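Before any comments, here is the structure.
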Amino acid sequence: MSDFLESKFLDEQVESIEQIAKFITNLKRLGPGMGEYVFDKENFDD
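In full-length UniProt numbering, the protein residues as written are 1 to 46.
Next comes the structure, spelled out in structure tokens:
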């Protein structure tokens, strides 16, 4: 059970945290208006 948690669950959590960190970095770099626009465009455009 602990092997499963360490190999699957923790890897998924690390990936999620890294993705959120990248989002935050980009939002800070671009500023509030442009950052939100780019974030929405990259993540919600089909």
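All residues carry an ideal CB built from backbone N, CA and C; glycine is no exception. Computed from a predicted model, the values in this text were never measured in an experiment.
Hey, quick one: how far does the alpha helix (DSSP H) through residue i stretch, first residue to last?
i, result
"residue 18", "10-30"
Determine the DSSP secondary structure at residue i, reduced to helix, strand or coil.
i, result
"residue 3", "helix"
"residue 40", "helix"
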